[in-house]
């Protein structure tokens, strides 16, 4: 019983902490935007050269109120799940976000998965042959992976695989009428997913390598080896299991970078995700959209951190939630 | 884990073996590459950009421009203008239906014009409706009069298929501001009583146009299908897909590989390669737009006419047109383009004459400082150039920067996205501003708003009573000959006083799969889109 | 430091050399245009070809080395300085100061740094100064976290206690002992930060928020060159390669430093949950 109570109390504290954090994020962003010369209405009325229209729009969006009042109104709406309307087209912000969520999740999850699938075996292989050629090669690959400007890499991949070889499509999610064709979707997803994964796998691989090196030095691994357990089993069943914590941490930590990096990938590959929406919103100063996306991304990161902590308890029973 | 890798690899390899997309496409559809989403698919809220491509297909206007840029009827059947030029009685086409099957009537026309005049709507072109009765009262800063309280209405419905437009003064260009795409007519039955700025209609538009919108996946694509009941005949193409591809290079590779079949305004440097491709066709034409440098006259140095003239003489537009523009830029003598009836041959384009520029600057009291930059009273002649990151304007700005440096004028280029650019423009927060104006078919709308004293778009503080008088008279004058003379004098004054230095008129070009026939150039922004309803696939 | 570390140091050394001597070696000024010789392929006259304005790409690369290095190092110096300051203060004073500062790093760390950079540059305008400031201020939290952890760990150690017993002032203790111990790792991180800052700068340019023309930052050159990928491969390729090599260099150097300076090989210790 006490255990359950403790757990609930812990979860409540975590939730409260997350809420405070998100409030902090929203205040920070709201402040930055209102420090802008001209303030947020610059975009809204920027192209409307008629003073009467400008005034009417300012009134409609409540931009004449003091900034704290505007923030309070925004926050009150956000708490009820109403993020207001886009300055760009007057449509509900949530509608825009809902439209982009599917493609974003697809690309982010696939990119992360691919990165993990490449990075973990690579890191394990490097650690297993520590100090030998495989290790050097793998380590070099990791570093090369993070040293490319991702948009350039994306464009080069398009030029190579799409333009020159004609093997893969360069833009969009699927051709018209073939949205349910899994193969088409996979084909369209290959280049963006690969680009995204290439920029992210290095950090994960690096952590895998070092934590595996750590684990391989432990007694239980030597014991297992002494007992005649096969090399592969030792690596994957024993060492990797114990080395997973840092790997999970690395995956969790790479999330903001992944989402940020996806911005460039999505622009190059015309992928209709949240990142592209965010960049458009930033360039056009569509503040309600920026606020909502950033908040959602922040919430995702916070949640991922929390889940990371939960995963710890699963991979390593010695750790309990405090 | 390795099994998963195997599956992923197998999927990837399977994907690689397939033919490129586009090879098996249905012939009665076309995929067009566009760079961004449109904002609102509502002609009253029209702002430009990719809205051009879409609005043209979905909505009809009372008139459209013919190849000679003269308005001709679409939803209108005939127009009668009163002798004093103050009332336009327009007979409308009968039997036209909206995409939802409801009939189109005079009420829809009246509703649309009323919404244009309503200051609550984010209409960027409301000043085009300035001549309508009630305009000042409706938009007065203090106590605006509600529409229903107007003693005389700007639009009257005479019967189901006749409207009358009432003007405050004779306004010669009226029909040209009622053309597509910004003159599109809205369905009253779907929008009455709604807030136009936020209406759901704006993403699910219903028009009377040749195509109707069936899908809009933001950031991905828009799909249009032929309107089988279109009053001018069903378009030959069944389907139009507007694929959103932000990167120009990717748009080009898609065009080359057949992923898209139409591209408007690819970069000029891409034209040679496109022309070499036997599968592609190109179409070129003049356009009424202009690209020029606006001078902020409140800037102490730029208040001096000689400095502005010197800057104009120091810019080598010929080289810019021939190199950066690859010849697809037309020489300019002012904001009115050579393909306009109002073009004057009396004003010669400003020649490139750096010597004269140096002389003028010396006359204005400038001497070279230590680093070669000119100074006067200890103040360096150092100017900011705000430029919209559009077309190759940033390159043009960089070329100008270099050319002005040669005569001792220091320029710092500030490239901005359109939103930030127009914010600076509207506030007059610039020294030099590179403006990419779509222009207007009739000289009035654009020139009146930029150069008439007190107009909202006149942000550089230019004010000349003679110019005001010319512009006022030109918009109301009866005959084109009369108007032409007035605009000729206007261009002459602009050329001398240089509140703006127009650099060139950007020509238009389109590249498309040559199996699509029927694209026709029209000399306004994205004008080619007007012909899409007649385009057919012909292998 | 292993072979990789040294090869990184070599690449970085080359960059520093280019930054120091580049303007003297460059055949032309970086802004010098010849519109009649645009988009020319590499030749004897222009070893790396010319760009869309007929400018010599080699010259721009050489001038740009200084700018790109300045942006990378400037932003990193700022991030590290702010990070060390905040981390040291948090770790040393603990309690409420620590909690507040760590909450602030939490807030920063859950907004993707690239977004933050984009927003601020979009709002305040693109310039070299803004780019450096913004990248620096967006990337300070990891350093702050790390330094705080080190300070907390070192705080209770006998030599710090001893210094305090001898009457050393708080700040002297911080500066003299604690930071000296944390410095190697901070330097390692700094090397990786420089690499990242150069990449972020190129991403800014790609999205149209880079340094204003005609400044030849490599990111701006790469972003500009992508318009001509189908007409002139050399325009994007050389700045792209330059960025790649330098980023690679800083990454290798950071890696080498890590192995040389940190015996633990930095398997990340279990982090406390962000909000815990």
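Chains as they are written, first to last, in this note's numbering: chain B, 1 to 322; chain C, 1001 to 1539; chain S, 2001 to 2276. All C-beta atoms in this analysis are idealised placements derived from N, C-alpha and C, irrespective of residue type, glycine included. Please read all numbers here as calculations on a predicted model, not as lab measurements.
Along the segment 2206-2238 of chain S, going in chain order, the ones with a CB nearer than 7 Å to a CB of chain C are 2208, 2212, 2213, 2214, 2226, 2227, 2228, 2229, 2230, 2231. Residue contact with chain S for residue 170 (chain B): absent (no Cβ-Cβ distance below 8 Å to any residue of chain S). Residue contact with chain S for residue 1417 (chain C): present (Cβ-Cβ distance below 8 Å to some residue of chain S). With respect to chain S, the C-beta atom of residue 291 (chain B) has no partner C-beta closer than 8 Å.
With a cutoff of 8 Å on beta-carbon distance, residue 173 (chain B) and residue 1220 (chain C) are scored as near each other. The way I'd put it, the segment 1249-1259 of chain C doesn't touch the segment 1457-1470 of chain C; fewer than three beta-carbon pairs between them come closer than 8 Å. In this chain, residue 66 (chain B) is not harboured by any beta strand (DSSP E), its DSSP state being neither H nor E. Comparing alpha carbon positions, the residue from C:1266, C:1142, C:1123, C:1146 closest to residue 1134 (chain C) is C:1146. Listed in chain order, the alpha helix (DSSP H) elements of length 4 or more contained wholly in the segment 1336-1402 of chain C are 1354-1363.
The shortest CA-to-CA distance from residue 1518 (chain C) to any of C:1094, C:1086, C:1239, C:1537 is the one to C:1537. The segment 2143-2150 of chain S makes contact with the segment 2072-2089 of chain S; the number of CB pairs closer than 8 Å reaches 3 or more.
1316, 1319, 1320, 1322, 1323, 1324: these are the residues of the segment 1308-1336 of chain C whose beta carbon lies less than 9 Å from some beta carbon of chain S, given in chain order. DSSP places residue 1273 (chain C) in the uninterrupted alpha helix (DSSP H) bounded by 1271-1276. Per DSSP, residue 1071 (chain C) is one residue of the beta strand (DSSP E) stretching across 1071-1073.
About 7 Å separates the Cβ atoms of residue 1401 (chain C) and residue 2214 (chain S), confirming a contact at the 8 Å cut-off. Taking CB atoms only, residue 1123 (chain C) has no neighbour in chain S less than 8 Å away. The C-beta of residue 1113 (chain C) has 16 or more other C-beta atoms within 10 Å across all chains shown, which makes the residue buried. Excluding the 5 residues flanking it on each side, residue 306 (chain B) has same chain C-beta neighbours closer than 8 Å at 14, 18, in chain order. Going by C-alpha positions, residue 185 (chain B) is about 7 Å away from residue 179 (chain B). Using a Cβ distance threshold of 8 Å, residue 1174 (chain C) and residue 1230 (chain C) do not count as a contacting pair.
For residue 2052 (chain S), the nearest beta carbon of chain C is closer than 8 Å to its own beta carbon. Within chain C, the residues 1039, 1040, 1045, 1122, 1195, 1196, 1197, 1198, 1199, 1202 have their CB atoms less than 9 Å from the CB of residue 90 (chain B), given in chain order. Contact annotation: in the segment 2017-2049 of chain S, residues whose CB is within less than 8 Å of a CB in chain C are 2031, 2032, 2033, 2035, 2036, 2038, 2039.
In terms of CA proximity to residue 2228 (chain S), C:1250 leads the group C:1209, C:1240, C:1250, C:1228. Distances from the CA of residue 97 (chain B) to each of B:311, B:296, B:206, B:308 were compared; the closest alpha carbon is that of B:296. Assigned with DSSP and collapsed to three states, residue 2233 (chain S) falls in helix.
Inter-segment contact for the segment 2108-2119 of chain S and the segment 2173-2187 of chain S is absent: fewer than three beta-carbon pairs are separated by less than 8 Å.
Under the 8 Å criterion on CB atoms, residue 1269 (chain C) is classed as interfacial with respect to chain S. Ranked by how close their Cα comes to the Cα of residue 247 (chain B), the residues B:285, B:115, B:63 have B:115 in first place.
Under the Cβ distance rule, residue 1141 (chain C) counts among the residues neighbouring chain B, one pair being separated by less than 8 Å. Look at residue 1371 (chain C): its C-beta is not under 8 Å from any C-beta on chain S.
As DSSP reads the structure, residue 1215 (chain C) sits in a beta bridge with C:1223.
Per DSSP, the continuous beta strand (DSSP E) segment holding residue 1510 (chain C) begins and ends at 1508-1513. Within the segment 275-303 of chain B, contact with chain C at the beta-carbon level (separation under 8 Å) is assigned to 276, 277, 280, 283, 284, 285. Between the segment 1192-1199 of chain C and the segment 1154-1171 of chain C, the count of Cβ pairs shorter than 8 Å is below three; the stretches do not touch.
About 4 Å separates the Cβ atoms of residue 1224 (chain C) and residue 1211 (chain C), confirming a contact at the 8 Å cut-off.
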